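Enquirer: Below you'll find the structure I mean.
Protein chains: 2
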Amino acid sequence: MSDTSGTGVTTRRQGRRPGTNTSRQLVLDAARTRFSSDGYSGTTIRKIAGDAGVDPSLVMQFFGSKEKLFASVMSIDPSVLETMTQSFDGPLESIGERVARAFVKVWDTDRTESEPFLAMLRAAISNEHGEAQLREFIQARLIHATGARLGNQPDAALRVGLASSMLIGIVVGRRIVKVPALVQEDPETLIALVGPAIQALFTR
Amino acid sequence: MSDTSGTGVTTRRQGRRPGTNTSRQLVLDAARTRFSSDGYSGTTIRKIAGDAGVDPSLVMQFFGSKEKLFASVMSIDPSVLETMTQSFDGPLESIGERVARAFVKVWDTDRTESEPFLAMLRAAISNEHGEAQLREFIQARLIHATGARLGNQPDAALRVGLASSMLIGIVVGRRIVKVPALVQEDPETLIALVGPAIQALFTR
């Protein structure tokens, strides 16, 4: 955290030059795309800098390390998280369709929203850095947030964890592994099939 | 494929020295463990050779490249595949419990059986090499093999693909991301919850 390089980077933060915020955003956007396409291991600071059109040393000045840059990228839009978390709210008899729709919406409808999620997923499965991120996401944000709301359900946290894992499995099949049978289906067909499965997890 | 190194490796195949099969097996075992723990990207020929107690050049002689070694490791025990594929056979009214149990058995009961599967899963999600492997596995072995048996079901292939993806999602949550709520549950509790969800995919 302290400025040991002698370049005065830390103090410069208080008096940023014009254009710094733009460069920072360009780097973040490039990193998001790279982590999403190449995974954590396959992404380098050099590649990201090249994509963003800046010098690699500037990326290091902004973020300090590949790991820290990754953590910044992983700050998924809170409204996306809210969409997924809130979908567990509401009448229990329609929870399956609601949750399936919310997850499908995040990864299918809006590519800008789903890219950081895919990046986290790839990274989570390929290395320890991302595992902790995804574990924290599922356990703290999804399970705890929703477990409290479904408090009168037995094993609420476990059911939410299973539902999330199963829906993430479909993301893996459709967007990452690209199983043909899943890729070619439209979202509504998937929701119609998956909704009742998720429903059965909660109200069989 | 041809021997361009001038070491006579190709011709040596016809007349193997004693002990070669053992070394080859040691390398395969070491590779399986490494790919499983470090993923495809994080694994090197050098690390595998070190684990197996052989020279890296011997690993290259046996397998030619990291990619080819990976392909050899990925040849999952056919009986394991058979367990998963056959679980879709039988009365439709108990398909959910049967399939959930078969998948849980593969990844929970026997670590020797589940390690190559985990390796494939990690590799599939972190890079293109493994994606093709897992795509081929799900599409050809699971979906086609079982789709034929469930021919009288509408969307049989799609339902099998969704069921497999959802169960693989639970493997990811339990064995790779290690979500605490999932890790701490015993297999029978998981089967009791997941079985009806898979069942609903086929007979809602």
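From first to last, the protein sequence lines stand for chains A and B.
Residue numbers for the first sequence follow my numbering, beginning at 1134 and rising by one.
Residue numbers for the second sequence follow my numbering, beginning at 1134 and rising by one.
Glycine residues also receive a C-beta, built at the ideal position from the N, C-alpha and C atoms.
If you're wondering where the values come from, they're calculated on a predicted model, not measured in any experiment.
1) Thinking C-beta only, is A/Tyr1173 closer than 8 angstroms to A/Arg1292?
2) Determine which residues of the segment 1280-1311 of chain A have a Cβ less than 9 angstroms from any Cβ of chain B, and write them out in chain order.
3) Give me the chain A residues within the contact set of B/Val1187, using Cβ-Cβ distance strictly less than 7 angstroms, ordered along the chain.
4) Establish whether the CB of B/Arg1231 and some CB of chain A are separated by less than 8 angstroms.
5) By DSSP, does A/Val1310 sit in helix, in strand, or in coil?
6) If we call anything under 8 angstroms between Cβ atoms a contact, is A/Val1237 one with A/Met1217?
7) What's the call for B/Val1160, buried or exposed, on a 16-neighbour Cβ count within 10 Å?
8) Can you confirm whether B/Glu1318, when its beta carbon is compared against all beta carbons of chain A, has any partner nearer than 8 angstroms?
9) Could you give the DSSP three-state label for A/Glu1318: helix, strand or coil?
10) Let me make sure I understand the geometry here. Which of B/Gly1294, B/Arg1307 and B/Ala1164 has the alpha-carbon closest to that of B/Phe1195?
11) Hey, does A/Ser1175 have any beta-carbon neighbour from chain B nearer than 8 angstroms?
12) How would you write the range of the alpha helix (DSSP H) that B/Ala1233 sits in, first residue to last?
13) Could you work out which residues of chain B lie near A/Pro1329, taking near to mean beta carbons separated by less than 7 angstroms?
14) Among residues of its own chain, excluding the 5 on either side of B/Val1206, which ones have a beta-carbon nearer than 7 angstroms to its beta-carbon?
15) What distance in whole Å lies between the Cβ atoms of B/Gly1280 and B/Ala1273, which are believed to be in contact at a cut-off of 8 angstroms?
16) Flag A/Arg1255 as yes if its beta-carbon sits less than 8 angstroms from any beta-carbon of chain B, otherwise no.
17) Three or more C-beta pairs under 8 angstroms: does that hold for the segment 1294-1305 of chain B against the segment 1301-1321 of chain A?
18) Compare the C-beta of B/Ala1314 against all C-beta atoms of chain A and say whether one is closer than 8 angstroms.
19) In whole angstroms, what is the alpha-carbon distance linking A/Ala1314 and A/Arg1234?
20) Locate the alpha helix (DSSP H) running through A/Ala1077, then write down its first and last residues.
21) List the residues of chain B that A/Arg1268 touches, going by C-beta distances under 7 angstroms, in chain order.
22) Just the Cα atoms here: how many angstroms apart are B/Thr1177 and B/Ser1220?
23) When you compare the CB of B/Leu1326 with every CB in chain A, is at least one pair closer than 8 angstroms?
24) So, with DSSP's three-state summary, where would you put B/Gln1285?
25) Would a C-beta distance cut-off of 8 angstroms place A/Ala1333 and B/Ala1325 closer than the cut-off?
26) At a CB-CB cut-off below 9 angstroms, which residues of chain B make contact with A/Glu1264?
27) Should A/Ser1198 be labelled buried (16 or more other beta-carbon atoms within 10 Å of its own) or exposed?
28) Just to check my reading of the structure: A/Asp1222 and A/Pro1320 have Cβ atoms closer than 8 angstroms, yes? What is that Cβ distance to the nearest angstrom?
29) Taking the straight line between their C-alpha atoms, what separation do you get for A/Glu1215 and B/Ile1276?
Expert: The answer reads as follows:
1) no
2) Gly1280, Asp1288, Ala1290, Leu1291, Arg1292, Val1293, Gly1294, Leu1295, Ala1296, Ser1297, Ser1298, Met1299, Leu1300, Ile1301, Gly1302, Ile1303, Val1304, Val1305, Gly1306, Arg1307, Ile1309, Val1310 and Lys1311
3) Those within 7 angstroms of B/Val1187 in chain A number zero; the least Cβ separation is about 25 angstroms.
4) no
5) coil
6) no
7) buried
8) yes
9) coil
10) B/Ala1164
11) Correcting the residue type first, residue 1175 of chain A is Gly in the shown sequence and not Ser. Yes, because at least one Cβ of chain B sits closer than 8 angstroms to the Cβ of A/Gly1175.
12) Ile1228 to Val1237
13) Ala1333 and Arg1337
14) Leu1161, Ala1164, Arg1165, Phe1168, Pro1249 and Ala1252
15) 11 angstroms between Cβ atoms; not a contact.
16) yes
17) yes
18) yes
19) 19 angstroms
20) Nothing can be reported for residue 1077 of chain A, as the shown portion of chain A is limited to 1134 through 1337.
21) Val1310, Lys1311 and Val1312
22) 36 angstroms
23) yes
24) Inspection of the sequence shows that residue 1285 of chain B is occupied by Asn rather than by Gln. Three-state DSSP puts B/Asn1285 in coil, outside helix and strand.
25) no
26) Ile1309, Val1310 and Lys1311
27) exposed
28) Wrong, their Cβ atoms sit about 21 angstroms apart, outside the cutoff.
29) 34 angstroms
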